Amino acid sequence: MAPFSPAPYHILSYGTLLGTTFFHTFVNGIVSFKVLARPQFAALMARLFPIYFTMQTALPAVLAVTYPGSRNPFGPAGGVAGVLDPANRWSVLVPLAGAFLCALANLAVVGPATTAVMHERRQQEKKDGKKSYDAPPHSQEMLALNKQFSILHGVSSVLNLGAFVAAVKYGVTLSSRLS
């Protein structure tokens with residue numbers, strides 16, 4: 001193997017993508033929610049999500065750039081050309097593009113919108129003298145903000161799961177290349 005082969009970087013990038021997505025989704029987020037008070041949990045997630053979504057967005061791009069070509073000289077090329085090869089459309093391009101787009105949507109649109117609603121809820125809590133998660137009744141403004149937050153959080157969760165499923169799908173493809 002050539003010393004400048006992209007293959008080790010590809011495997012390390014894939015492992016990082018799958019590992020961070022799995023850990024943050026199924027371990028870190030759940031444990032943090034159970035252990036921390038809501039204000040501390042919200043502060044932690046507001047700091048972690050931009051880093052997490054940036055990694056989740058960048059790593060599929062790194063995987064595309066470092067995609068290992070076929071050992072067969074007539075097979076698909078490596079790198080982006082290999083990802084775009086028609087033979088790899090469903091097994092490589094779609095999962096990598098799906099993971100990238102889900103993460104990008106969370107990084108650029110849904111995450112910032114969710115954080116903005118969280119800030120609005122904190123302001124409304126001060127006006128109402130009551131936490132957003134306290135027992136009802138709530139002001140009409142807080143009800144609207146809670147509903148908006150729930151929708152955004154749900155969309156973000158679905159996008160995150162989409163990125164996870166796409167990463168697992170690509171892992172199946174990648175593992176099929178092992179001989």
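If you count the sequence shown from 1, position 28 lands on 28 in UniProt numbering, and the numbers rise without skipping.
Using N, Cα and C, we set each Cβ at its ideal position, and we do this for glycine too.
None of these values were measured; they are calculated from a predicted model.
Separation of D85 from K34, as counted between CA atoms: Position 34 of the sequence shown, counted from the first residue, corresponds to residue 34. Position 85 of the sequence shown, counted from the first residue, corresponds to residue 85. Cα to Cα, K34 sits roughly 45 Å from D85.
Whole-angstrom C-beta distance between L107 and T54, which should lie under 8 Å: Counting from 1 along the sequence shown, the entry for residue 54 is found at position 54. Counting from 1 along the sequence shown, the entry for residue 107 is found at position 107. At roughly 6 Å, the Cβ-Cβ gap stays under 8 Å, so T54 and L107 are in contact.
Nearest-angstrom Cα separation, counted from P39 out to M45: On the sequence shown, position 45 is the one that residue 45 refers to. On the sequence shown, position 39 is the one that residue 39 refers to. Rounded to the nearest angstrom, the two C-alpha atoms are 10 Å apart.
Backbone secondary structure at R71 - three-state DSSP: As a position in the sequence shown, residue 71 is number 71, starting the count at 1. Here R71 sits in coil by DSSP.
Nearest residue (CA-CA) to H10, options Q140, S91, G78: Numbered from its first residue, the sequence shown carries residue 10 at position 10. Cα-wise, what sits closest to H10 is G78.
P86, DSSP secondary structure in three states: For the purposes of this step, residue 86 is taken as the residue at position 86 of the sequence shown. Helix at P86.
Segments assigned beta strand (DSSP E), at least 3 residues, entirely inside the UniProt domain "TMEM205-like" (12-122): none
Inter-residue spacing [alpha-carbon to alpha-carbon] between K169 and S91: Position 169 of the sequence shown holds residue 169. Position 91 of the sequence shown holds residue 91. Distance between the alpha carbons of K169 and S91: 8 Å.
Cα-Cα separation between L96 and S175, rounded to whole angstroms: Translated into positions along the sequence shown, residue 96 becomes position 96. Translated into positions along the sequence shown, residue 175 becomes position 175. Those two C-alpha atoms are separated by around 15 Å.
Buried versus exposed call for R121 [16 or more other C-beta atoms within 10 Å across all chains shown]: One-based indexing of the sequence shown puts residue 121 at position 121. So R121 ends up on the buried side.
As assigned by DSSP and simplified to three states, the class of A144: What you label residue 144 is simply residue 144 of the sequence shown in a count that begins at 1. In the structure shown, A144 sits in a helix (DSSP, three-state: H, G or I).
Nearest-angstrom Cα separation, counted from V110 out to V172: Numbered from its first residue, the sequence shown carries residue 172 at position 172. Numbered from its first residue, the sequence shown carries residue 110 at position 110. Whole-angstrom Cα-Cα distance: 28 Å.
A7, DSSP secondary structure in three states: Sequence index remark: in the sequence shown, residue 7 carries index 7 (1-based). If DSSP states are grouped into helix, strand and coil, A7 belongs with the helices.
Contact under 8 Å by Cβ, A103 with Q56: To locate residue 103, count along the sequence shown from 1; it is residue 103. To locate residue 56, count along the sequence shown from 1; it is residue 56. Their beta carbons are under 8 Å apart, which means A103 touches Q56 by this criterion.
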